[in-house]
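Colleague: Protein sequences appear in the order of chains A and B.
If you're matching positions, the first sequence starts at 239 in our numbering and goes up one per residue.
If you're matching positions, the second sequence starts at 239 in our numbering and goes up one per residue.
Even glycine gets a Cβ: it sits at the ideal position worked out from N, Cα and C.
From a predicted model like this one, the values you see are computed outputs, not experimental measurements.
Before I ask anything, here is the structure I am working with.
Number of protein chains: 2
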Amino acid sequence: MGSGTPLRASERAYRQLRGEILDGVLAPGSGLLEVEQAERIGVSRTPLREAVARLIADGLVAGRSGRGFEVTEISIDSIGELYELRQALEIQAVRLAAQRRDPEVFRALREQFLTAPSLVLHGAAGLHRYYELIDEFDEAIDGAVGNPFLVAALRSVRTHLARIRRLARKNSTRLKAAAEEHLLIIDAIIAGDYSLAAHATHVHLHQSLLSVLAAIDDETTAD
Amino acid sequence: MGSGTPLRASERAYRQLRGEILDGVLAPGSGLLEVEQAERIGVSRTPLREAVARLIADGLVAGRSGRGFEVTEISIDSIGELYELRQALEIQAVRLAAQRRDPEVFRALREQFLTAPSLVLHGAAGLHRYYELIDEFDEAIDGAVGNPFLVAALRSVRTHLARIRRLARKNSTRLKAAAEEHLLIIDAIIAGDYSLAAHATHVHLHQSLLSVLAAIDDETTAD
DNA sequence: ACTCCGTTTTGTGTATACAGAAACCGCAAA
DNA sequence: TTTGCGGTTTCTGTATACACAAAACGGAGT
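Take a look at the structure:
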């Protein structure tokens, strides 16, 4: 299972920086310098600049006027704003998916999701599996929608979402509820009931936002 | 009114290429070579590559496996797909705008739009003014929404939309109707009636898509 | 001690040089 | 005629060198 091509330097730099930003290794607000980062990663400035350009396009990094660039901040406000975009995109995606899906795909996914509510009780491994299921759900939606523009927009949202997830330690009660919500959405998609799928997604995202904001509030006041 | 900074080479290359793609000077499917383009524009390969990277992020250009890169095609299918994304974004944007707008801004805009239906009868100059009004409408929405994520997604959609507009010669009957539709949306926003604004936008986009597809059909069968 | 100005340092933006890989061409063999 | 192979060319990907600009520093004057 070796990685096919040896990977270009610019690609390596991009993945490493992106990964570090998403994992919080490079904290929001930290100022980065081209030469510095190029040496650290072990590539020259040219491919590093290309990587940074892509990160800026992703919205993970912002170019500073004079000196270097910096990892973008995540404010409480920006979380709400992201969810406004997410809502528009996911509701549309789910609606289209319900109309175009291959029922078999979602029936198989449903089978998997039945175990989800109990997964959250099985420690870190279960949690990891849980997030894998979410990824599979997202992929199933993307595949059913079959719209490159919409999928690209969703991918961008999910990138930012990954950063936000890190901020909020999840409680298992909420995760269990979220799993149930996903099941409802999946059922609606299988049934081809696009209206129900859309409304269920609306509700799910509402709960999700509430939970994220509450979790972050806990974090900041607890410390 | 001189341009403040002399503009970096990479920025010049980006704007020129982008403009040429949007204007159709560089036809979809045309294969471009780095050296070739760098010489033509008058910059070295390094800034040109940066420009191309941005164009790829914009979705205007796709990197070819081995040799060079090429301007992305616009298929009939992709127009429908773009409108599925556009619908999700604009309906959300208009809904939020109706809730957050400064009424004065939209009252002023309304004043301008009253002249729009007649503008389309006044030749190329009138048409130009008409499109300026559309731009002002978009900017007013963006400002009222105040959501950087949503606005960025909208900007991306508008970029692709600009290419599609070129394909379809517009007839003045449709433009007149579109102006009326915009007026209705503006009125709903002024009234703070977000539901009406959303539904009116839905209708508007439906008509717009029909008109675009019809126009393209005419073009291709007429030739 | 503080401020202003010139110097030095540092970092970006751009050009160019170099290496490796993929496409192209021609020839020969089936 | 077609197919396979070697050499050649051309292009990309990366490193590096250079120029200019902006920030940090330091010294002189107040």
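Quick one: Cα of B/A300 to Cα of B/F307, how far?
Modeller: Here residue 300 of chain B is taken as the residue at index 62 of the second sequence, counted from 1. Here residue 307 of chain B is taken as the residue at index 69 of the second sequence, counted from 1. Answer to the nearest angstrom: the Cα atoms are 6 Å apart.
Colleague: Which runs of the alpha helix (DSSP H), 4 residues or longer, sit entirely within the stretch 386–430 of chain A?
Modeller: Runs of the alpha helix (DSSP H) inside the stretch 386–430 of chain A: 386–405, 410–429.
Colleague: Specify, as a first and last residue, the run of the alpha helix (DSSP H) that A/E308 falls within.
Modeller: Residue numbering aside, residue 308 of chain A sits at position 70 when the first sequence is read from its first letter. Careful: A/E308 lies outside any alpha helix (DSSP H), inside the beta strand (DSSP E) at 307–309.
Colleague: Taking CB distances under 8 Å as the criterion, tell me whether A/S241 reaches chain B.
Modeller: In the first sequence, counting from the first residue as 1, residue 241 of chain A sits at position 3. Its pLDDT being 44, under 50, A/S241 is placed unreliably in this model, and the value from its coordinates should be taken loosely. It does not: the Cβ of A/S241 has no partner Cβ on chain B nearer than 8 Å.
Colleague: Helix or strand or just coil, what does DSSP make of A/M239?
Modeller: As a working mapping, residue 239 of chain A is identified with position 1 in the first sequence. Low confidence applies to A/M239: its pLDDT is 48, below 50, so where it sits in the model is not reliable, and the reading given next is rough at best. A/M239: coil per DSSP, three-state reduction.
Colleague: Taking 8 Å as the cut-off, does the stretch 313–324 of chain A touch the stretch 445–453 of chain A (at least 3 CB pairs, one atom from each stretch)?
Modeller: Yes, they touch.
Colleague: Suppose the cutoff is 6 Å on Cβ atoms and the five residues either side in sequence are ignored; what does the same chain contact list for A/Q325 look like?
Modeller: In the first sequence, residue 325 of chain A corresponds to position 87, counting from 1. Here the set comprises L443.
Colleague: Note down the Cα distance separating B/L264 from B/E272, rounded to an integer number of angstroms.
Modeller: In the second sequence, counting from the first residue as 1, residue 264 of chain B sits at position 26. In the second sequence, counting from the first residue as 1, residue 272 of chain B sits at position 34. If I take the Cα positions, the gap works out to 14 Å.
Colleague: Only counting runs of 4 or more residues, tell me where the alpha helix (DSSP H) segments fall wholly within the stretch 325–381 of chain B, in order along the chain.
Modeller: You should have 341–351, 354–357.
Colleague: Against chain A, with Cβ distances strictly below 8 Å, would B/E322 count as a contact?
Modeller: By 1-based counting over the second sequence, the position of residue 322 of chain B is 84. Cβ-Cβ to chain A under 8 Å: yes for B/E322.
Colleague: Taking DSSP's pairing of strands, which residues face B/V281 in a bridge?
Modeller: As a working note, residue 281 of chain B is residue 43 in the second sequence. For B/V281, which the question treats as bridged, DSSP gives no partner whatsoever.
Colleague: Could you check the C-alpha separation between B/L270 and A/P285 for me, to the nearest Å?
Modeller: Your numbering for residue 270 of chain B matches position 32 in the second sequence. Your numbering for residue 285 of chain A matches position 47 in the first sequence. Approximately 21 Å, taken between the alpha carbons.
Colleague: Are there 16 or more other CB atoms within 10 angstroms of the CB of B/H398, so buried, or fewer, so exposed?
Modeller: Within the second sequence, residue 398 of chain B is the residue found at index 160, counting from 1. Buried is the call here.
Colleague: Measuring CB atoms only, is the stretch 395–409 of chain A touching the stretch 339–353 of chain A, in the sense that at least three cross pairs come out at less than 8 Å?
Modeller: Not touching, per the Cβ criterion.
Colleague: In angstroms, rounded to a whole number, what distance separates the CA positions of B/I379 and A/S394?
Modeller: Here residue 379 of chain B is taken as the residue at index 141 of the second sequence, counted from 1. Here residue 394 of chain A is taken as the residue at index 156 of the first sequence, counted from 1. About 22 Å.
Colleague: Report yes or no: do the stretch 353–372 of chain A and the stretch 287–303 of chain A share at least 3 C-beta pairs separated by less than 8 Å?
Modeller: No contact exists between the stretch 353–372 of chain A and the stretch 287–303 of chain A.
Colleague: Show which residues of chain B have a CB atom less than 8 Å away from the CB atom of A/N385.
Modeller: Reading the first sequence from its first residue, position 147 is the one you call residue 385 of chain A. In chain order: E319, E322, L323.
Colleague: To the nearest angstrom, how far is the alpha carbon of B/H437 from that of B/A331?
Modeller: On the second sequence, position 199 is the one that residue 437 of chain B refers to. On the second sequence, position 93 is the one that residue 331 of chain B refers to. Roughly 12 Å separates the two Cα atoms.
Colleague: Taking 6 Å as the limit between beta carbons, can you name the residues of its chain near B/I427, skipping five residues before and five after?
Modeller: As a first step, residue 427 of chain B must be located in the second sequence, where it is residue number 189. Cβ within range, chain order: A335, A336, R339, F344, A435.
Colleague: Per DSSP, what kind of secondary structure is B/L270 in: helix, strand or coil?
Modeller: For the purposes of this step, residue 270 of chain B is taken as the residue at position 32 of the second sequence. If DSSP states are grouped into helix, strand and coil, B/L270 belongs with the strands.
Colleague: Of all Cβ atoms in chain A, is any one closer than 8 Å to the Cβ of B/L327?
Modeller: In the second sequence, the residue the question calls residue 327 of chain B occupies position 89. Interface residue, yes.
Colleague: Within a Cβ cutoff of 6 Å, which residues of the same chain sit near A/Y252, ignoring the five residues on either side of it in sequence?
Modeller: For the purposes of this step, residue 252 of chain A is taken as residue 14 along the first sequence, with counting starting at 1. Same-chain partners within the cutoff: A289, R292.
Colleague: Does the distance from the C-beta atom of A/E457 to that of A/R404 stay below 8 Å?
Modeller: As a first step, residue 457 of chain A must be located in the first sequence, where it is residue number 219. As a first step, residue 404 of chain A must be located in the first sequence, where it is residue number 166. Going by C-beta atoms, A/E457 is not nearer than 8 Å to A/R404.
Colleague: Determine the direct distance from the alpha carbon of B/Y432 to that of A/G297, and round the result to whole angstroms.
Modeller: Here residue 297 of chain A refers to the residue found at position 59 of the first sequence. Here residue 432 of chain B refers to the residue found at position 194 of the second sequence. Whole-angstrom Cα-Cα distance: 29 Å.
Colleague: Can you give me the Cβ contacts of A/Y321 inside the same chain, cut-off strictly under 7 Å, excluding the 5 residues immediately before and after it?
Modeller: Position 83 of the first sequence, counted from the first residue, corresponds to residue 321 of chain A. The answer, listed in chain order, is L443, L447.
Colleague: Taking a contact to mean a Cβ-Cβ separation below 8 Å, would you say A/S248 touches A/V309 in this structure?
Modeller: The count along the first sequence starts at 1 and reaches residue 248 of chain A at position 10. The count along the first sequence starts at 1 and reaches residue 309 of chain A at position 71. Cβ atoms of A/S248 and A/V309: not closer than 8 Å.
Colleague: Taking CB distances under 8 Å as the criterion, tell me whether B/E288 reaches chain A.
Modeller: Taking the first residue of the second sequence as 1, we reach residue 288 of chain B at position 50. Yes - at least one Cβ of chain A is within 8 Å of the one on B/E288.
Colleague: Comparing alpha-carbon positions, which option in A/R278, A/P244, A/S313, A/S282 lies nearest A/D455?
Modeller: Position 217 of the first sequence, counting from 1, holds the residue named residue 455 of chain A. Checked all of A/R278, A/P244, A/S313, A/S282; the closest Cα to A/D455 is A/S313.
Colleague: Note down, in chain order, every chain A residue with its Cβ under 8 Å from the Cβ of B/Q330.
Modeller: In the second sequence, counting from the first residue as 1, residue 330 of chain B sits at position 92. Ordered by position in chain A, the residues that pass the 8 Å Cβ test against B/Q330 are E322, L323, Q325, A326.
Colleague: Consider the Cβ of B/A438: report whether some Cβ of chain A lies at a distance smaller than 8 Å.
Modeller: Locating residue 438 of chain B in the second sequence gives position 200, counting from the first residue. With 8 Å as the cut-off, B/A438 does not count as an interface residue toward chain A.
Colleague: Helix, strand or coil, according to DSSP, for B/A300 in the structure here?
Modeller: Position 62 of the second sequence, counting from 1, holds the residue named residue 300 of chain B. Of the three classes helix, strand and coil, the one that applies to B/A300 here is strand, per DSSP.
Colleague: Quick check: A/R348 and A/L421, are their CB atoms within less than 8 Å of each other?
Modeller: Counting from 1 along the first sequence, the entry for residue 348 of chain A is found at position 110. Counting from 1 along the first sequence, the entry for residue 421 of chain A is found at position 183. Going by C-beta atoms, A/R348 is nearer than 8 Å to A/L421.
Colleague: Could you tell me which chain B residues have their CB closer than 8 Å to the CB of A/A265, listed as they occur along the chain?
Modeller: The count along the first sequence starts at 1 and reaches residue 265 of chain A at position 27. Under the 8 Å cutoff, chain B gives no residues; its nearest Cβ is about 21 Å from A/A265.
Colleague: Going by beta-carbon coordinates alone, are B/V281 and B/R302 separated by less than 8 Å?
Modeller: What you label residue 281 of chain B is simply residue 43 of the second sequence in a count that begins at 1. What you label residue 302 of chain B is simply residue 64 of the second sequence in a count that begins at 1. No, these two residues do not count as a Cβ contact at 8 Å.
Colleague: To which residues of the same chain is A/E258 closer than 8 Å at the C-beta, ignoring the five residues directly before and after it?
Modeller: Walking along the first sequence from the start, residue 258 of chain A turns up at place 20. Cβ within range, chain order: L264.
Colleague: A/E419 and A/Q445: beta carbons closer than 8 Å?
Modeller: The residue given as residue 419 of chain A occupies position 181 in the first sequence. The residue given as residue 445 of chain A occupies position 207 in the first sequence. The answer is yes: Cβ separation under 8 Å.
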